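Residues in the sequence shown are numbered from 476 upward in steps of one, following the working numbering.
Ideal Cβ positions, reconstructed from N, Cα and C, are used throughout, including at glycine.
Because the structure is a prediction, the values reported are computed rather than measured.
So the structure is just underneath, and the comments pick up after that.
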Amino acid sequence: MKTEKTAKTAKIEKTTRTGGSFSKWFFYLLLFPAVLGICTWQGWAWWSWASAPVDQPGTVSEAGASSAQDAGQNQAVQIKIAEGTSAQQIGEDLKAAGLIRSLDAWNLWTKWQSLQNQAGSFQAGAYEISPSESLPNIAAKLWEGRVVERSFTIPEGWSIQQMAKYFAEQGFFSAEEFVAATQTIPRDRFPWLPENLSSLEGFLYPDTYLFAGQLTAQGTVDQMLAQFEQVALPLYQQAKGQTPYSLMEWVTLSSIVEKEAAVSQERPQIASVFAKRLKEDIPLASDPTVEYGLGIRQTKEQPLTLTQVNTPSPYNTYLNAGLPPAPIASPGRASLEVSVNPADTEYLYFVARYDGTHVFSRTLAEHESAQDIIRDGVEAEQRSATPQSPASPTLVSPTPASPTSVN
């Protein structure tokens with residue numbers, strides 16, 4: 476009886492142990508998914524917070540401070556990434572600038588990208604990043620190299636002084652910095668530049684330029700010279716053997732054509748008049764060259780005076796035959812094209828109408844007649860506008876060989 480009881484007790488104990496073990500495993504099986512779910516939820520909640528934009532209404536930063544909610548604090552921040560900067564350093568810079576919430580989240584993101592074997596890397600450059608951008612968006616912007624680009628525009632016919640004033644007014648750099656940069660001739664980088672240049676007047680190509688990051692005076696000059704090399708220089712190189720001018724002469728003539736031609740269709744005729752006068756050794760008598768030499772600009776109300784026209788200057792093409800010593804402005808492509816090998820026409824004179832157009836003449840008699848008609852029209856207009864005012868000033872009476880009387 477005792478033996479039978481012992482066996483029964485052992486059987487019960489075994490059953491109890493088996494049942495207890497099963498219950499324990501069942502408990503763990505239920506607990507594991509629950510714990511995993513909680514961890515996953517917590518991880519996802521953390522990632523959702525860490526990768527969200529810093530400037531998100533109603534959220535709190537890692538340091539415990541509320542996000543900025545006013546528009547004034549949601550402005551883009553400029554970040555510069557130097558060549559070879561590590562992903563870790565980029566993350567630290569972004570965190571310091573208040574553009575990401577967590578450096579750990581940034582590191583996890585970059586590790587994940589490397590595990591994905593994604594080709595490429597973070598690109599150097601200047602970026603504008605807003606606190607309202609999420610971490611993945613910021614990372615994609617840096618990975619794809621979506622650098623910020625700004626622009627500046629130099630119109631055709633501007634001189635270095637006009638450019639300098641523009642850059643200063645736009646806040647890029649001072650006028651003095653730009654002028655100084657144009658007086659350093661970088662022949663080591665641009666060996667095609669003519670010898671004995673005192674400045675880069677005429678060789679800074681007028682165009683719209685894009686740039687990223689900080690703009691410097693020297694960088695701007697180099698960019699404009701590179702554009703001249705790419706756009707203008709081939710025109711001259713292709714015409715070698717056909718053009719009668721040196722590179723310096725070509726750019727100088729083109730700059731005068733640019734200043735004279737307010738109407739594009741007249742450029743070929745203007746270039747042909749100057750080419751014909753150069754060939755016949757007749758002074759160009761171009762008003763813009765006088766203005767450049769004196770540092771002034773005439774208007775319809777205040778035209779050049781005889782005193783100004785007779786003021787000696789290396790750039791005064793009323794008093795000096797041939798081209799001036801250097802360009803007077805930056806010519807555009809159209810003026811460069813018509814000046815490299817000007818067409819041969821019958822015109823030897825032209826006079827401006829003050830509306831941008833000109834009257835072209837073959838003979839001096841035709842030219843003087845055109846001058847009289849234009850002068851009478853201007854004086855009549857001035858008398859009509861101000862009937863009680865004194866007689867209007869006399870317009871320039873040009874030398875007999877002058878192609879322009881007013882501009």
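The C-alpha of E631 lies about 11 Å from the C-alpha of Q637.
The Cβ atoms of Y824 and A845 sit closer than 9 Å to each other.
Judged by beta-carbon spacing, P789 lies beyond the 9 Å limit of S729, meaning their Cβ atoms are not closer than that value. Three or more beta-carbon pairs separated by less than 8 Å link the segment 786 to 801 to the segment 767 to 776, which places the two stretches in contact. Spanning the alpha carbons of S634 and D830 requires a straight line of approximately 22 Å. Residue state for S626 is assigned as strand, using DSSP reduced to three classes. In the structure shown, the three-state DSSP call for L794 is coil. Looking only at S649, T832, V726 and L679, the smallest Cα-Cα distance to A737 is reached by T832. Shown here for R662: same chain residues with a beta carbon closer than 8 Å to its own, the five before and five after excluded, namely L668 in chain order.
In the same chain as D819, and ignoring 5 residues on each side of it, the C-beta atoms closer than 7 Å to its own belong to S747, in chain order. If you ignore the 5 residues before and after Q773, its C-beta comes within less than 7 Å of the C-beta of D762, E766, L779 and N882, all in its own chain and listed in chain order. When C-alpha distances from S739 are compared across N785, V813, R576 and S589, the shortest belongs to V813.
Taken through DSSP and simplified to helix, strand or coil, K775 comes out as coil. Inside the segment 781 to 857, DSSP marks whole beta strand (DSSP E) runs of 3 or more residues at positions 824 to 827 and 833 to 836, from first to last along the chain. Take W522, set aside five residues on each side of it, and no residue of its chain has a beta-carbon closer than 6 Å to its own. Assigned with DSSP and collapsed to three states, T585 falls in helix. The way I'd put it, the segment 563 to 577 does touch the segment 601 to 613; three or more beta-carbon pairs between them come closer than 8 Å.
Contact between the segment 649 to 656 and the segment 690 to 698 is present: 3 or more CB-CB pairs across the two stretches fall below 8 Å. In this structure, the straight-line span from the alpha carbon of I613 to that of Q563 is close to 14 Å.
Relative to E741, the option among G852, V834 and H842 whose CA is nearest is V834.
Between T683 and T628, the gap from beta carbon to beta carbon is short of 9 Å.
A straight-line Cα-Cα distance of about 7 Å links I660 and L672. Secondary structure of Y680 (DSSP, three-state): coil.
Using a 10 angstroms sphere on the CB of E735, the tally of other CB atoms reaches 16 or more, which defines it as buried. C-alpha of Q744 to C-alpha of L690: approximately 39 Å in a straight line.
For G600, the enclosing beta strand (DSSP E) starts and ends at G600 to I604. Beta-bridge partners assigned by DSSP to K734: none are found. In this structure G559 is exposed. Its beta-carbon is surrounded by fewer than 16 other beta-carbon atoms within 10 angstroms. When DSSP reads this structure, L685 sits in a beta bridge with S626.
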